[in-house]
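Single-structure report; data block below.
In our numbering, the protein residues as written are 1 to 249.
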């Protein structure tokens with residue numbers, strides 16, 4: 001190993017020729033495990049949450065906003081870890097290139113008359129083997145590291161996005177079902193959310209043709225709507241309230 005490698009702290013993901021795990025060199029799983037462990041310890045450290053924060057998280061309702069927030073957090077975490085991994089791989093690539101340069105035996109190429117043809121041929125064969133294996137090692141490890149990182153985050157992200165989709169669909173179905181229910185009393189009208197109240201007020205202040213179109217659009221039944229229609233005709237104060245609500249559109 002070069003003096004450069006001896007002076008600097010070893011890179012957590014450093015993998016040298018001969019360490020690649022293949023049928024001819026099967027005993028390197030511990031090396032890969034060490035690389036992964038170093039990466040986790042050096043680049044994926046997360047502050048341990050306090051008991052208070054854990055309790056607050058446990059008490060949060062599992063609603064849509066919570067799952068959306070978790071999706072954002074996981075994506076942000078993935079971006080940070082991917083950037084760290086790419087920096088690490090860049091350092092490893094630079095170190096690997098420097099090792100190749102420093103390990104070249106220039107004594108074989110001093111003076112043509114002094115070169116030993118047998119030694120030169122052997123050196124060239126070893127250099128070709130070294131280059132082919134080292135390129136395989138570097139590319140394979142880089143791809144493996146990225147695939148492992150992607151798999152880890154997708155394993156967390158996909159269920160969260162599934163929850164967001166399911167809750168969104170459920171809420172939309174509930175909203176549509178709620179929109180089909182026409183209020184039967186003044187109290188029910190006043191208890192409506194602003195969007196639904198505006199829709200009902202628009203209906204109550206519209207002409208019969210538009211009312212018919214709105215009943216078809218929202219699935220309302222005529223007899224279901226007639227109670228408030230009659231109320232608007234007999235209660236002037238309520239009619240003023242309905243017109244004020246309709247003007248908010």
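A virtual CB, placed ideally from N, CA and C, is assigned to each residue, including glycine.
Test item: CB-CB of residue i and residue j under 8 angstroms
i, j, result
"residue 74", "residue 156", "yes"
"residue 232", "residue 204", "yes"
"residue 85", "residue 150", "no"
"residue 251", "residue 242", "Not covered by the structure: residue 251. The range shown for the chain is 1 to 249."
"residue 218", "residue 153", "no"
"residue 164", "residue 248", "no"
"residue 64", "residue 196", "no"
Residue i in three-state terms, based on DSSP
i, result
"residue 192", "coil"
"residue 162", "helix"
"residue 181", "coil"
"residue 206", "coil"
"residue 238", "helix"
"residue 213", "helix"
"residue 90", "helix"
"residue 248", "coil"
"residue 27", "Caution is warranted here: a pLDDT of 46 is assigned to residue 27, below 50, making its placement in the model unreliable, and no coordinate value can be reported."
"residue 2", "For residue 2, the pLDDT reaches just 44, beneath the cut-off of 50, and the residue's location in the model is therefore unreliable, although a value from the coordinates is still provided. The answer is coil: DSSP assigns residue 2 none of H, G, I, E or B."
Endpoints, the alpha helix (DSSP H) within which residue i is located
i, result
"residue 230", "222 to 234"
Under 8 angstroms, with one C-beta from each stretch per pair, do the segment 144 to 161 and the segment 174 to 184 reach the 3-pair mark? No, because fewer than three Cβ pairs between the segment 144 to 161 and the segment 174 to 184 fall closer than 8 angstroms, the two stretches do not touch.
Using 8 angstroms as the cut-off, can you tell me whether the segment 217 to 227 makes contact with the segment 180 to 189, which would need three or more C-beta pairs spanning the two stretches below that distance? Because the criterion of three Cβ pairs below 8 angstroms is met, the segment 217 to 227 and the segment 180 to 189 touch.
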